Amino acid sequence: GSRVFTGVIALRRGDCPAGWTTDWVEKLKGRDGKVYVALSRNGLYLGGLNAWGHGNQRLTVNFRQGAGPTKVCSRQFHASSGNPHVSMIFSANGQCPNGYLRWSTNDELRGDNGWAYAVTSDAGFYLGYVDSWSASDQSKPQQTSYSRRWFQSSQAAATCVKVMGVDEEPDKQAGVFTVFVGVKGPLFCPNGWLYQPTTELAGSDGQVHIQANRHASMLGASYGREHGGGAYQYVRLSQAHAHGVCSRYFEVRGQPYANVRTPNQGDCPNAFASFQAHAVKGDDGVGYAQLAAKTLYIGGLDQWQRSDKDAGYWHMTLASELTHKLCLAIDDKQSGSSSR
């Protein structure tokens, strides 16, 4: 049912976006100089404290005044659909797609030590500097999983953020099903999809990391990353596995259903997106398909992981048996529609 999804961003400089609440660290900090953030589906705590406790499902952060952040931006998004989703892109070249909010790692997000952090949970997300953080999803592992990563400007020059599945953002208001496809170049990305070159997403180590679940997706550069043990998928790739990533957030009102087929001749059905077999394989001639946690990845990769204890997952290796085309449609079982 309807619920709230909260975003919190700590900035060293710059202004909070329109529609967000601004709180100054000087006014929030306790006598020990620390600001604490505690976020659950039921509420947000922001300020100083003497001691705290929390349930299993949580997102908690704290940082010291003088460590970098000077203000905290927060916003409560209302999700009548009950299916909020935050898309985060960690951009190596500092560019963001249209419709995304942009924050510079060096100018706005990092602490004085150069590090920035991002963490998502079923309740919302936090972006900025942290001294310590904690996240858990043990209360309902079949549906929830947190994701977090840390980085410097040498990995991600900027972080791009877009919240979907919420009333305040008309785009994809009902909720989304997330699809990433690693391809050999922009010509292999279907119309209506976003194409981003691997060179613009990969950090100084040349790696692109994808962490995705039902309420959040993280795409791009990272130094380190972790995820909870609930429903999620993770993929790591480099230029040798995909020259770029096509992404699309399919709006769905009911239970999404990924329909994938690999004919060895002929065309894909009318309602399906069509990918050439060689375009979704790495330089080693191998491609992969992984479905878990209301997300799908197709393409070459170097590492993959997944878990989905509720709906189940599947993962396929596609080498010599994928010879012609891969066809993809996302069906919305409530509306009866199919999208490509």
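This note's numbering applies: residue 204 is where the sequence shown begins, and numbers increase by one.
Cβ atoms here follow ideal geometry from the backbone N, Cα and C, with glycine treated the same way.
Owing to the predicted nature of the structure, the values given are computational and were not obtained by experimental measurement.
- If you draw a straight line from the Cα of Gln279 to the Cα of Gly246, it comes to about 10 Å.
- Rounded to whole angstroms, Asn316 and His481 show a C-alpha spacing of 44 Å.
- When only Cα atoms are considered, Asp505 and Gln442 end up about 10 Å apart.
- Under DSSP, Lys365 forms a beta bridge with Ser290.
- By the beta-carbon neighbour count (other beta carbons within 10 angstroms, threshold 16), Gly269 is exposed.
- Setting aside the 5 residues that flank it on each side, Gly314 is surrounded in the same chain by Ala270, Gly271 and Tyr332, each with a C-beta closer than 6 Å to its C-beta; the list follows chain order.
- With respect to Val275, Asp310 sits apart: the two C-beta atoms are not nearer than 8 Å.
- Minimum Cα-Cα distance from Asn394 among the listed residues Ser350, Tyr500, Arg451 and Leu440 corresponds to Arg451.
- Following the DSSP letters along the chain, one finds Leu231 inside the alpha helix (DSSP H) bounded by residues Val228 to Leu231.
- For the 8 Å CB-CB criterion, Leu242 and Val289 do not form a contact.
- Pairing Lys484 with Gly503 gives a Cβ-Cβ distance under 8 Å.
- Just so you know, the alpha carbons of Leu312 and Leu330 end up roughly 7 Å apart.
- With respect to the 8 Å criterion, Pro459 and Phe380 are classified as neighbours on the basis of their beta carbons.
- Here the C-alpha atom of Tyr437 lies approximately 25 Å from the C-alpha atom of Gly302.
- Under the three-state reduction of DSSP output, Ala482 falls in the helix class.
- Below 8 Å, enough C-beta pairs join the stretch 289-299 and the stretch 413-425 to call them touching: three or more.
- Phe266 is positioned such that its CB atom lies no closer than 8 Å to that of Lys230.
- The Cβ-Cβ distance between Ala405 and Ala295 falls below 8 Å.
- A residue is called buried when at least 16 other Cβ atoms come within 10 angstroms of its Cβ; Trp396 meets this threshold and is buried.
- Taken through DSSP and simplified to helix, strand or coil, Asn462 comes out as strand.
- Within the same chain, and ignoring the five residues on either side of Tyr248 in sequence, the residues whose Cβ sits closer than 6 Å to its Cβ are Ala241.
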